[in-house]
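> Submitted below is the structure of interest, expressed as structure tokens.
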Amino acid sequence: MTLLTSPADTVPVSLSRQIHTRLRELIIRGQYPQGHKLVELRVAEDLGVSRVPLREAVPMLEMEGFVVTAARRGAVVTTWTEQLVNDLFDLREVLEVGAAGHAARAAGRGASTAALEKALRHAEAVVEEGDAYRIAEASTRFHEAVVELTGNVLMQASMRSVSGRVQWLFHLTSELDVHDAFHDHVELAAAITRGDVRMAEALAFAHIERDRAPSLAVLQHQGRVG
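Residue numbers (the numbering used here): 132 to 357.
The following block contains the structure:
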């Protein structure tokens, strides 16, 4: 594995963090499907790494909801359930609707929306490429950028704790119209940028809630909810 670096290219990323990132991608892409047992030796061989940093990476995945661990069974890829999907949508509504309002207030006070605009432009470019994983990643990044604009460190930490599962769900439901989602992002970004708090909150709520039933329908059709 090639050693990664931080965005500033100054601080090396630990091997365990690299393994965590790679495993998360493989889970999202379905190469380690729901309910799959991550046999330590086999995964280490798949990734070409030793078992020690792999053991350090697994708790990171568990904290993000990608795996569950049990005595004598090891780590098993999380299985999505209808309850888990609804729980994620409920949490997103509480967190992201409020964050949209706070982001609009921050923009109204003069906070820079450059990062939000950058995330939107990146998402637009990726949508045209058609790679489901990259689209899910870019869409999640836009939602993270909204929360980051609030300047609220607790909101930001809360978003980071669930953004992996958001990306995973986006990927699982990638057959939904990504152009509709991108149009929603454009409208939400515009409301935030002009400091329209109530419109930003309304658009964020409508955007999240609109996808709840279709997402469940897609997962049920695919047999991907337990």
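Using N, Cα and C, we set each Cβ at its ideal position, and we do this for glycine too.
Using only CA atoms, which one of L350, R329, A288 and E268 lies nearest to F313?
E268
> How many Å lie between P190 and A348 at the Cα?
31 Å
> What is the rounded straight-line gap between the Cα of Q287 and the Cα of V277?
9 Å
> Using the C-alpha atoms, what's the distance from A230 back to L300?
Approximately 20 Å between the Cα atoms of the pair.
> Which first and last residues belong to the alpha helix (DSSP H) in which G205 is found?
No alpha helix (DSSP H) contains G205, which is instead part of the beta strand (DSSP E) from G205 to V208.
> Starting from the N-terminal side, write out each stretch of the beta strand (DSSP E) that is 3 residues or longer and does not extend beyond the segment 183-264.
198-201 and 205-208
> Taking DSSP as the reference, what is the three-state secondary structure of L169?
strand
> Within 10 Å of its beta-carbon, does V257 have 16 or more other beta-carbons around it, so buried, or fewer, so exposed?
buried
> Would R155 and G295 qualify as a contact pair, given that the criterion is a beta-carbon distance under 9 Å?
yes
> In whole angstroms, what separates the C-alpha of T281 from that of G232?
8 Å
> Taking a contact to mean a Cβ-Cβ separation below 9 Å, would you say K249 touches A206 in this structure?
no
> What is the rounded straight-line gap between the Cα of T127 and the Cα of L251?
What the structure shows of the chain is the stretch from 132 to 357, and residue 127 is not part of that stretch, so it cannot be assessed.
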